[in-house]
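In our numbering, the protein residues as written are 16 to 171.
Working notes, beginning with the structure itself.
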Amino acid sequence: MRFSDTMLGAMLLVFGLTVGIYSQTFPAIPGQRYGAAAFPTAIAIGFVGCGLVLLVRGFRAAPFPLITRTEWTRKPGAMPAILVTILCVVAYIFFARHLGFIPISILILIVLFRMLRVPWWQTLMFAFAAAFVCDFVFRSILLVPLPQGFMPRLPW
Numbered sequence: 016m017r018f019s020d021t022m023l024g025a026m027l028l029v030f031g032l033t034v035g036i037y038s039q040t041f042p043a044i045p046g047q048r049y050g051a052a053a054f055p056t057a058i059a060i061g062f063v064g065c066g067l068v069l070l071v072r073g074f075r076a077a078p079f080p081l082i083t084r085t086e087w088t089r090k091p092g093a094m095p096a097i098l099v100t101i102l103c104v105v106a107y108i109f110f111a112r113h114l115g116f117i118p119i120s121i122l123i124l125i126v127l128f129r130m131l132r133v134p135w136w137q138t139l140m141f142a143f144a145a146a147f148v149c150d151f152v153f154r155s156i157l158l159v160p161l162p163q164g165f166m167p168r169l170p171w
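Spelled out as structure tokens, the structure:
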């Protein structure tokens with residue numbers, strides 16, 4: 016699937032404006048000149064700038080469909096695979112807080128591996144290993160708080 020410069024520019028512009036506007040709601044950090052909104056605002060300005068450049072290039076170029084289906088998207092199962100991947104991301108957003116990072120990650124990886132026709136024993140082995148390794152790396156090394164859910168806290 017290929018998106019035209021006009022379509023990508025419009026998406027970047029809307030995303031940049033949304034991030035920029037939302038970041039202005041972040042609280043100020045006492046004693047610092049720059050608040051929590053400084054970095055997201057800088058990124059948003061970059062998105063808006065790139066979006067405008069793509070929009071101008073798209074309007075100047077010859078007429079091109081906004082979305083073009085390439086050869087691989089015409090193959091059977093390609094569009095359902097895209098839909099399942101998007102649904103997995105949405106499922107993580109909605110269920111991670113209640114189930115926790117490890118259970119939802121395992122479920123998502125099982126769905127994705129089975130969609131790729133990975134044998135069951137490898138699916139389960141890789142799904143569990145990847146979920147626990149990611150949990151360890153993000154919680155212990157990177158100190159990123161992950162949703163706990165109903166699982167007890169792991170020793171790391």
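The C-beta atom is built at its ideal place from N, Cα and C for all residues, glycine as well.
- Between the alpha carbons of Val68 and Ser155 lies a distance of about 41 Å.
- Annotated as distal: Pro45 and Ala51, with beta-carbon spacing of 8 Å or more.
- Sequence-distant Cβ neighbours of Thr100 in its own chain, meaning closer than 8 Å and more than five residues away, are Leu127.
- Of all alpha-carbon atoms in Phe143, Phe74, Thr33, Phe151, the one lying nearest the alpha-carbon of Thr56 is that of Thr33.
- DSSP lists Phe18 as the bridge partner or partners of Ile82.
- Here DSSP, grouped into helix, strand and coil, assigns Phe30 to helix.
- With fewer than 16 other CB atoms across the displayed protein chains lying within 10 angstroms of its CB, Thr83 is exposed.
- Within the same chain, no residue comes within 7 Å of Arg48 by CB-CB distance, once the 5 residues on both sides are set aside.
- Secondary structure note for Phe151: its alpha helix (DSSP H) is the uninterrupted segment 135–151.
- When DSSP states are grouped into helix, strand and coil, Gly164 belongs to the coil group.
- With contacts defined as CB atoms closer than 8 Å, Ile108 and Phe147 fail to qualify as a contacting pair.
- In this structure, the alpha-carbon of Gly35 lies about 46 Å from that of Trp136.
- As the crow flies, the alpha-carbon of Phe62 is around 17 Å from that of Ser19.
- Pairing Pro170 with Val133, the inter-Cα distance amounts to about 31 Å.
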